[in-house]
Every structure is written in structure tokens, then in C-alpha cells.
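Participant:
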Amino acid sequence: MTHDFSDVRRFERIFDAPGRARWQRPVEVVGLLGAAPGKTVVDLGAGTGYFLPYLAAAVGPTGRVIALDSEAAMVAHMQRRAEREGLRVVEARAVAEGDPGLEASSVDAILIVDTWHHIPERAQYAARLREALRPGGVLLVVDFTLETDQGPPVGARIAPDVVVQELQAGGLVAEIIADETLPDQYVVRGTRPR
Ligand SMILES: C[S@@+](CC[C@H](N)C(=O)[O-])C[C@H]1O[C@@H](n2cnc3c(N)ncnc32)[C@H](O)[C@@H]1O
């Protein structure tokens, strides 16, 4: 599903809306990701950078946060945001739609929030993400449930069991996380086998 994300100001009002933390529970999401001091974590489809302060706080000054987006205007916005907010461990980069452009076995964890349904050829893409993860590394796909009133049109959403199948097709061990508390979203975890 392609979508025009070039109007940063418009999306900032949505993605960085003051009430988002109530349902997004970013601290819980970052905890599920296993982001910890010294880790290298990726935010794929990072948009306006909503998760960047939380990820930067979790990895600390010795970690790295790589913020990837296919929309150049979002990347420029995140670079300004990181500078303004003093997020020194954040590096924002533009990527091609079908390729995260990450080196093999280079990252500990990858966060993908409200973005998986925009990715083309998802099983192949999942295989690229598996390659980028270190053995034992994890990725999280966080997206709106089919039932909630929030999020993109229902026809654009992907059921969590389908996400599991797509990650498995890319060689990851995948499961729906049952014990999370997000009211409108599911969380699927993919792990690169050791
Ligand atoms: C709905 S926004 C989510 C932003 C952010 N993850 C959040 O939760 O606030 C989706 C973002 O994914 C980006 N995107 C879409 N397709 C992409 C792709 N194939 N690779 C990287 N980024 C992509 C868009 O430009 C947009 O910024």
C-alpha cells in the first residue's frame, strides 16, 4: 500500500498528537523490544520520530538508534528533531521502499510501528531484516487490530496471524505477544534464530 507521507506538518499533528501515549504505551513497546543500554536498535518507517526519544533513552549514550524512512521529508524532519532534542545517538537515514539498507548481523532489534502494511514483498523484506539482525536479535511489528476504530482503513490492515506467516516465510521465529496491554494494537515478535 503506497501512501504519500511528504506533508510532514500534517502527519506531525497525527503521529505526535498529545494523547498518543495513552494508547500507544511507548515505554511498554520499547521494553518489549528489549532496547537496553549499549544496544543498536532500528526504527523502520520512523515517520516524524515519535519513538526516537524513548529508544534513545533506553539504549543510553553508548547505544545507537537508526531511524529509517523512505520519505525524504520525514528523514530531514527527524534529523532536525534529533538535533533540537539532543538525541545524539540517533542517526536518521532515507531508505529505498524495498530495502532497509542495513549491513548483515549489524543490529540488535528493529521496531516497526504502523508501517508493515506499507512494505512491498513482505516475506522477502522479512528475510532482509533477518539478515540485518544479530543472531538472537528481535523485531517487533506493532499495528492496529482489525477490530479497533483507530488506524488506517480496515482493508489496509494486516491480521496478526498473517504477519506471523510473513515473518516465518522470511526465516524468523515468530509469535503474537499475548501479555501486552496495548488497547488498539497487536504486537508480533520475530526472532532471528541463533
Ligand atoms: C504510518 S507512518 C508510522 C510512523 C511511525 N512509525 C509512528 O508510529 O509514528 C508510516 C511511515 O513509514 C514510512 N514508510 C512507508 N513505506 C516504507 C518503506 N517501504 N520503507 C521505509 N519506510 C516506509 C512512511 O514514509 C511513514 O513515515
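In our numbering, the protein residues as written are 112 to 305.
Beta carbons: idealized from backbone N, C-alpha and C, even for Gly.
Here the structure is a predicted model, which is why all the values come from computation and not from measurement.
#1: With DSSP run on the structure shown, which of helix, strand or coil describes Y236?
#2: For R305, which residues from the same chain have a beta carbon less than 7 Å from its beta carbon, with the 5 sequence-adjacent residues on both sides left out?
#3: By the three-class DSSP mapping on this structure, what secondary structure does Y161 have?
#4: Pick out the complete alpha helix (DSSP H) segments inside the segment 238-304, 4 residues or longer, and give them in chain order.
#5: Rounded to whole angstroms, what's the CA-CA distance from A234 to A215? Just pull it up for me.
#6: Could you tell me the boundaries of the beta strand (DSSP E) in which V152 lies?
#7: Quick one: is A270 buried, meaning 16 or more other Cβ sit within 10 Å of its Cβ, or exposed?
#8: Measuring alpha carbon to alpha carbon, tell me which residue in F162, V201, T292 is nearest G149.
#9: Under 7 Å Cβ to Cβ from E196, same chain only, skipping five residues before and after it: list those, please.
#10: Who are the Cβ neighbours of E242 in its own chain at under 7 Å, not counting the five residues just before and after it?
#11: Count Cβ pairs between the segment 120-132 and the segment 271-291 that sit closer than 8 Å; are there 3 or more?
#12: To the nearest angstrom, how far is the alpha carbon of L240 from that of V119?
#13: Under three-state DSSP, which class holds L144?
#14: Determine the closest residue to Y297 out of G281, L278, Q279, D272, with distance taken between C-alpha atoms.
#15: Return helix, strand or coil for L198, following the three-state DSSP convention.
#16: In the DSSP assignment, what are the bridge partners of V224?
#17: What do you reckon, are the CB atoms on A280 and A237 nearer than 8 Å?
#18: If we ignore side chains and look at the alpha-carbon of each, how far apart do A168 and V176 end up?
#19: In angstroms, rounded to a whole number, what distance separates the CA positions of S181 and H114?
Facilitator: Checking against the coordinates, here is how it stands:
#1: Y236: helix per DSSP, three-state reduction.
#2: For R305, where only same-chain residues beyond five positions count, the Cβ hits under 7 Å are P246, G247.
#3: DSSP, read as helix, strand or coil, puts Y161 in coil.
#4: The qualifying runs are 271-280.
#5: So the alpha carbons of these two residues sit roughly 17 Å apart.
#6: 151-155 is the span of the beta strand (DSSP E), which, as asked, contains V152.
#7: With a threshold of 16 other beta carbon atoms within 10 Å, A270 falls short and is exposed.
#8: For the residues F162, V201, T292, the minimum Cα distance to G149 belongs to V201.
#9: So the list reads P164, once near-sequence residues are dropped.
#10: The residues are A215.
#11: Between the segment 120-132 and the segment 271-291, the count of Cβ pairs shorter than 8 Å is below three; the stretches do not touch.
#12: Roughly 26 Å separates the two Cα atoms.
#13: Looking at L144 - three-state DSSP - the assignment turns out to be helix.
#14: In terms of CA proximity to Y297, D272 leads the group G281, L278, Q279, D272.
#15: Here L198 carries a coil assignment [DSSP, helix/strand/coil].
#16: DSSP lists V253 as the bridge partner or partners of V224.
#17: One thing to note: A280 has its Cβ within 8 Å of the Cβ of A237.
#18: One alpha carbon belongs to A168, the other to V176, and they sit about 10 Å apart.
#19: Cα-Cα distance, rounded: 11 Å.
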